[in-house]
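Notes to accompany the following structure.
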């Protein structure tokens with residue numbers, strides 16, 4: 004296909020583009036410009052179909068279903084754990100046995116408190132503290148990174164050494180502090 008583009012006219016408007024069809028050895032026209040069609044609806048339908056297929060494949064994997072179920076159970080325990088616990092998490096209910104049995108699915112601790120109730124009540128604190136700690140880490144890390152990048156002098160050196168010292172301390176030891 005060859006294109007003949009005439010120069011713009013005196014008014015400055017763009018001239019029309021002529022498209023010539025090219026024939027090869029007397030055959031029919033090889034390239035001919037046709038109308039431009041929008042396939043937005045078709046692409047949306049294709050994307051929707053692909054999304055359904057991905058969802059179907061994910062739901063067929065038992066590991067995915069089990070993982071999502073565990074996450075949803077934690078979220079339910081975090082939202083309403085103290086209201087759906089079988090026993091009061093702070094009150095001793097039985098001191099005769101630590102092992103699980105019918106009334107205490109996860110058993111009791113040394114003080115006789117139901118472990119399942121304590122885990123369900125503790126989920127709320129975990130679901131609140133973890134995102135807050137992650138957000139604080141991102142904000143502090145971004146601030147320190149910007150500070151160290153802007154002041155490329157002794158500030159960068161001091162903060163780099165301080166961060167290296169903090170990273171060299173084992174996680175278990177930091178948890179005890």
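In the working numbering, the protein residues as written are 4 to 180.
C-beta: ideal position from N, C-alpha, C; glycine also.
CB of residue i within 8 angstroms of CB of residue j, strictly
i           : j           : result
residue 109 : residue 122 : yes
residue 119 : residue 89  : yes
residue 150 : residue 158 : yes
residue 85  : residue 133 : no
residue 130 : residue 81  : yes
For residue i, three-class secondary structure by DSSP
i           : result
residue 2   : Here the chain has residues from 4 to 180 only, and residue 2 is not among them.
residue 30  : Because residue 30 sits at a pLDDT of 48, beneath the cut-off of 50, its placement in the model cannot be relied upon, and the following sentence gives the value as read from the coordinates. Residue 30 falls in the coil class under three-state DSSP.
residue 180 : coil
residue 65  : helix
residue 181 : With the chain covering 4 to 180 only, the question about residue 181 has no answer from this structure.
residue 96  : coil
residue 23  : Residue confidence is low: residue 23 scores 45 on pLDDT, short of 50, so the model does not pin down where it sits. No coordinate-derived value is stated.
residue 78  : helix
residue 172 : coil
Nearest neighbour of residue i, chosen from the options [CA to CA]
i          : options               : result
residue 92 : 175, 126 and 68       : 126
residue 94 : 136, 113, 152 and 138 : 113
* Asked: If you scan the stretch 98-160 from start to end, which runs of the alpha helix (DSSP H) of 4 or more residues do you find wholly inside it?
  -> Counting only runs of at least 4 residues, the stretch 98-160 fully encloses the following alpha helix (DSSP H) elements, listed from N- to C-terminal order: 118-153.
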